[in-house]
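*Asks:*
Chains as they are written, first to last, in the working numbering: chain E, 92 to 383; chain Y, 92 to 383.
(1) Can you check whether the CB of residue 96 of chain Y is closer than 8 angstroms to the CB of residue 201 of chain Y?
(2) Straight-line CA distance for residue 221 of chain E to residue 301 of chain E?
(3) Work out the CA separation of residue 333 of chain Y and residue 109 of chain E for me, nearest whole Å.
(4) By Cβ distance, which residues of its chain are closer than 7 angstroms to residue 176 of chain Y, with the 5 residues on each side in sequence left out?
(5) Counting only C-beta atoms, is residue 321 of chain E closer than 8 angstroms to chain Y at any point?
(6) Would you say residue 170 of chain E faces chain Y, with C-beta separation under 8 angstroms as the test?
(7) Can you give the beta carbon distance from residue 364 of chain E to residue 261 of chain E, rounded, assuming they're within the 8 angstroms contact cut?
(8) Kindly say whether residue 265 of chain E, judged by its beta-carbon, lies nearer than 8 angstroms to any beta-carbon of chain Y.
(9) Since I believe residue 250 of chain E is in contact with residue 213 of chain E (beta carbons under 8 angstroms), could you give me their beta-carbon distance rounded to a whole number of angstroms?
(10) Determine which residues share a DSSP beta bridge with residue 131 of chain E and list them.
(11) In terms of residues, what are the limits of the alpha helix (DSSP H) holding residue 195 of chain E?
(12) So, using beta-carbon positions, are residue 269 of chain E and residue 113 of chain E closer together than 8 angstroms?
(13) Three-state secondary structure (DSSP) at residue 303 of chain E?
(14) Considering only C-alpha positions, which residue in the set E/194, E/336, E/184 is nearest to residue 103 of chain E?
(15) Could you give the first and the last residue of the continuous alpha helix (DSSP H) run that contains residue 342 of chain Y?
(16) With a cut-off of 8 angstroms, do at least 3 Cβ pairs link the stretch 266–282 of chain Y to the stretch 316–336 of chain E?
(17) Terminal residues of the continuous beta strand (DSSP E) containing residue 378 of chain Y?
(18) Hey, how far is the Cα of residue 320 of chain Y from the Cα of residue 343 of chain Y?
(19) What are the residues that DSSP puts in a beta bridge with residue 209 of chain E?
(20) With residue 179 of chain Y and residue 157 of chain Y assumed to form a contact (beta carbons below 8 angstroms), what rounded beta-carbon distance in angstroms separates them?
(21) Against residue 117 of chain E, what residues of chain Y qualify as contacts under a CB-to-CB distance less than 9 angstroms, listed in chain order?
(22) Could you name the residues of the stretch 177–203 of chain Y whose beta carbon sits closer than 8 angstroms to any beta carbon of chain E, in the order they occur along the chain?
(23) In three-state DSSP terms, what is residue 115 of chain Y?
(24) Within this structure, are the beta carbons of residue 248 of chain Y and residue 191 of chain Y separated by less than 8 angstroms?
(25) In chain Y, what lies closer than 8 angstroms to residue 261 of chain E by C-beta?
(26) Between residue 278 of chain E and chain Y, is any beta-carbon pair separated by less than 8 angstroms?
(27) Taking only beta-carbon atoms, is residue 142 of chain Y less than 8 angstroms away from chain E?
(28) How would you label residue 129 of chain Y, buried or exposed, when you count the other beta carbons within 10 angstroms and need 16 or more for buried?
(29) Against chain Y, which members of the stretch 144–161 of chain E pass a CB distance test of less than 8 angstroms?
(30) Tell me the DSSP secondary structure of residue 282 of chain E in three-state form.
(31) Please go through the same chain and pick out, in chain order, the residues whose beta-carbon is closer than 6 angstroms to the beta-carbon of residue 198 of chain E, but skip the five residues on each side of it.
(32) Which term fits residue 223 of chain E, buried or exposed, when burial requires 16 or more other beta carbons within 10 angstroms of its beta carbon?
(33) Once you ignore the five residues that flank residue 353 of chain E on each side, which residues in its own chain have a CB closer than 7 angstroms to its CB?
(34) Mind pulling the chain E residues with CB within less than 8 angstroms of residue 269 of chain Y?
(35) Distance check for residue 348 of chain Y and residue 318 of chain Y, CA to CA, integer angstroms please.
(36) Any Cβ of chain E within less than 8 angstroms of the Cβ of residue 113 of chain Y?
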């Protein structure tokens, strides 16, 4: 693989996730913070209208609008469908014709710490993930194979990934998390610079990867209304082992509901605000050690 | 003062504050939980359309629509203006003609614990507040004189107050906070029952009251964009003393901004998501001990 030519930091793909948005504004005000000798870096605020409205999206979730068939479908004309086509027009060709890294910044109400979400296992991304895991104790690496085509913004580039930080409420800046995210971005850019300079030693290392296996919805009644909450013992325990029989929900009439699986899993995105409407109370992962 | 005839628990005055909304749904499903021999209790979901949209409001903040002049103004026809007039029609006459307690349930992204917000200092409310402070260690009492008429929903009744619980993200249920809020409501209803039964001994007691004195906005540029965040040392430290010279903000270019006041204050609503648009980074209070 040749050198990385450019990095695009996309922010506000969800308009109420302030950490990335204001970090992007900082980088635009002080561009030297993200400049490196061997590649260009720029910032793109993905969904300005949703940011102005302090909402995740206007019509539909922008970060589910990037399936190739959807991008090519002229019948899809919602605000976010149009936006996705514009962003693809801006970045798609570039990402095909050069080595372009896309870093898409997100935040979560779940205790995601500094999660790097990979949508593919490109060797460069695995090496980057291994390096960041090694130097930054808050980093967690998830691998989530897109379920329908590659419908996430960061999937525009083979070298794209998302960063998901939390816990932080929507529409709020948490200074500590802002600073940690900032440091992580500098570490990622430094890694890319070293790679371009040929300074990264290809060494055998191991990488802890949390691989998506499925989701669990809230208990609901026939009308679809939720009938319980994340159990207090599980709240904020993202990335901790969850064993069969341990409680995951507490119903409004105070019954504990236990995890019914047959093996230990590692739940993430526990109690993510934006996932209530998606029917997701948590995502389940398997913990794997990868030799790379 | 005569007996309390009825209690109205209003929920979802802000549609994305789930704690009160789902607690109200629980009470509607299990009405015996809130029934008492000497008074009626009912639940009113104030803003169903905002709840369905998981937003604070559709057109404007419902909880600022109850000024008498606004309720009487036929020119005000936004969704929430109409809603406020309807709610006033439902509760206003009742509250004048009988002893009606209105408990308006809210949640906050700030560390408000279990805050009771009083809009007046009616002796009954002060006695109730003193009792709840004494039996529940998470309870804090705020007094905030409405700035323009009585423009809050709970102000429909002289015996109205708001409960503000946090920290919890918008659009999220936190089971621990849900349970604590539930207990607090039972304690309030029990107090009312005892009052009606003549069992509450009028004893001299002291009440710690946090009285609003003003607000502080975020540092902003000329375009009105925020230029900093709540300082990490202040985040989640609601109700803790803040002394002159102590940091309150951290700007994006990493300068700490100190509190410039001349005396110790007790900030609350620190980093409340819904207040960014109102120009409020925190509310300041004075701590007072009231002999009642």
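By construction, the Cβ of each residue, glycine as well, lies at the ideal position given by its N, Cα and C atoms. Since we're looking at a predicted model, the values are computed, not measured.
*Replies:* Looking at the coordinates:
(1) Their beta carbons are not under 8 angstroms apart, which means residue 201 of chain Y does not touch residue 96 of chain Y by this criterion.
(2) Roughly 13 angstroms separates the two Cα atoms.
(3) For residue 109 of chain E and residue 333 of chain Y, the gap between their C-alpha atoms comes out near 26 angstroms.
(4) Answer for residue 176 of chain Y: 162, listed in chain order.
(5) Residue contact with chain Y for residue 321 of chain E: present (Cβ-Cβ distance below 8 angstroms to some residue of chain Y).
(6) It does not: the Cβ of residue 170 of chain E has no partner Cβ on chain Y nearer than 8 angstroms.
(7) Right, their Cβ atoms sit about 6 angstroms apart.
(8) So, interface residue.
(9) 6 angstroms between Cβ atoms; contact.
(10) Its beta-bridge partners are E/97.
(11) That residue, residue 195 of chain E, is in no alpha helix (DSSP H); its beta strand (DSSP E) goes 191–198.
(12) Taking 8 angstroms as the cut-off, the Cβ atoms of residue 269 of chain E and residue 113 of chain E count as close.
(13) Strand at residue 303 of chain E.
(14) For the set E/194, E/336, E/184, the Cα lying nearest the Cα of residue 103 of chain E is the one of E/194.
(15) First-last for residue 342 of chain Y: 338–342, but that is the beta strand (DSSP E), not the alpha helix (DSSP H).
(16) The stretch 266–282 of chain Y makes contact with the stretch 316–336 of chain E; the number of CB pairs closer than 8 angstroms reaches 3 or more.
(17) Counting along the chain, residue 378 of chain Y sits inside the beta strand (DSSP E) bounded by residues 373–382.
(18) Residue 320 of chain Y and residue 343 of chain Y: Cα-Cα distance of roughly 7 angstroms.
(19) The partner list for residue 209 of chain E (beta bridge, DSSP) reads E/234, E/252.
(20) Sure, about 7 angstroms apart at Cβ, within 8 angstroms.
(21) Chain-ordered, the chain Y residues with CB closer than 9 angstroms to the CB of residue 117 of chain E read 343, 344.
(22) Cβ contacts with chain E: 200.
(23) DSSP places residue 115 of chain Y in helix when its eight states are reduced to three.
(24) Taking 8 angstroms as the Cβ cut-off, residue 248 of chain Y and residue 191 of chain Y qualify as a contacting pair.
(25) The answer, in chain order, is 260, 261, 262, 364.
(26) No - not a single Cβ of chain Y is within 8 angstroms of the one on residue 278 of chain E.
(27) Under the Cβ criterion of 8 angstroms, residue 142 of chain Y is not counted among the residues facing chain E.
(28) By the neighbour-count rule (16 or more Cβ atoms within 10 Å), residue 129 of chain Y is not buried but exposed.
(29) For the stretch 144–161 of chain E, which is checked against every Cβ of chain Y, the residues closer than 8 angstroms are 145, 146.
(30) Here residue 282 of chain E sits in helix by DSSP.
(31) Closer than 6 angstroms at Cβ, skipping near neighbours: 108, 110, 256, 257, 259.
(32) Residue 223 of chain E counts as buried, since no fewer than 16 other beta carbons sit within 10 angstroms of its beta carbon.
(33) Only 335 meet the Cβ criterion.
(34) Contact note: residue 269 of chain Y reaches chain E through 320, using a C-beta cutoff of 8 angstroms and chain order.
(35) If you draw a straight line from the Cα of residue 318 of chain Y to the Cα of residue 348 of chain Y, it is about 11 angstroms long.
(36) Yes, residue 113 of chain Y lies at the interface with chain E (some Cβ there is under 8 angstroms from its Cβ).
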